[in-house]
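Please read the structure below before turning to the comments.
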Amino acid sequence: MKRRLLAGLTMVAATACNAELEEDARVLDASTQTDESDLSRGAIEGREFNAIEIDSMRPAFEKETVIKLNTIVRRSLETANEYTAGIRDIRVMVTAAAQDDASDKQVAQALTGLKQLEDWHAQALSAQTDMNAAVAALETSGEDYSEEILAGMVQYVNDVERLLREEIETLEKTF
2 MKRRLLAGLT MVAATACNAE LEEDARVLDA STQTDESDLS RGAIEGREFN
52 AIEIDSMRPA FEKETVIKLN TIVRRSLETA NEYTAGIRDI RVMVTAAAQD
102 DASDKQVAQA LTGLKQLEDW HAQALSAQTD MNAAVAALET SGEDYSEEIL
152 AGMVQYVNDV ERLLREEIET LEKTF
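Numbers 2 to 176, taken from my numbering, label the letters of the sequence shown in order.
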C-alpha cells in the first residue's frame, strides 16, 4: 500500500516538474528570438558583444616563446606531481621521527624524506628562476603576447615553489 502511494506521489511530482519545464522552455524560446537587425547592431537581450574577425585573432605567444614557457611550466608540473606522490610518506616518516621513542632508523628515514623535499624545492626554484628570466626577455622583446596567459603560467610556477617551501618549513618545525 505504501509503495503504491509513494509511486502515485512520485508520478504527480514528475508531471508537475514536466509542466514547469515545458513552460520554462516556452518562455526561454520566446525571449531568445532575434532578428537580423539585432545581430547587425551587436546587441541581444541588452547584452553587447564584439565580433571577433579573423584578422584580429592571434596566438597568445610566438611558437618559440610558447615552447620555452611550456617547458618551464612542465618542469614545475612534474615536480608538483612527484611531490604529490611522495609527500604522504614523507609526512609519516617525519611524524614518526619526531616521537620521543623514535629509532635511529626512523630519524634517518625522515632526514632522507626531508632531503627529497629539499631537492623538489630546488627544482621548483630553478623553474621559477627560469620563468623570471623568460618573462624579462619576453617583456623586452617587443613580441605581442597574452598577459593573462603569461600571468597564469607565472602564478603556477610560483605556487609550486611556495607550496614546497611552506611544506619544508612546516615539517622542519615538527621534526
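Ideal Cβ positions, reconstructed from N, Cα and C, are used throughout, including at glycine.
In this text, all values refer to a predicted model and were calculated from it rather than measured experimentally.
Ala125 is a Cβ neighbour of Val161, given a cutoff of 8 Å.
Short of 6 Å from the beta carbon of Arg76, and not among the five residues preceding or following it, lie these beta carbons of its own chain, in chain order: Ala128.
With fewer than 16 other Cβ atoms inside 10 Å of its own Cβ, Ile150 counts as exposed.
For Ser147, there is no enclosing alpha helix (DSSP H), as DSSP marks it with neither H nor E.
Here DSSP, grouped into helix, strand and coil, assigns Arg89 to helix.
For the options Tyr84, Ala97, Glu140 and Val74, the alpha carbon positioned closest to that of Glu119 is the one of Tyr84. Bounds of the alpha helix (DSSP H) holding Gln117 are Asp105 to Ser142. Taking every protein chain shown into account, the CB of Gly114 has 16 or more other CB atoms within 10 angstroms, so this residue is buried. Secondary structure of Ala98 (DSSP, three-state): helix. Between the segment 162–174 and the segment 81–100 there are three or more inter-stretch CB-CB distances shorter than 8 Å, so the stretches are counted as touching. The C-beta distance from Ala135 to Ile73 rounds to 6 Å, short enough to meet the 8 Å contact threshold. Between the alpha carbons of Gly153 and Gln117 lies a distance of about 27 Å.
The three-state reading of DSSP puts Arg76 in helix, counting H, G and I together. When only Cα atoms are considered, Val155 and Asp102 end up about 44 Å apart.
Separation of Leu139 and Arg163 (C-alpha to C-alpha, rounded to the nearest whole angstrom) is 24 Å. Taking the CA atoms as reference points, Ser147 sits about 28 Å from His122.
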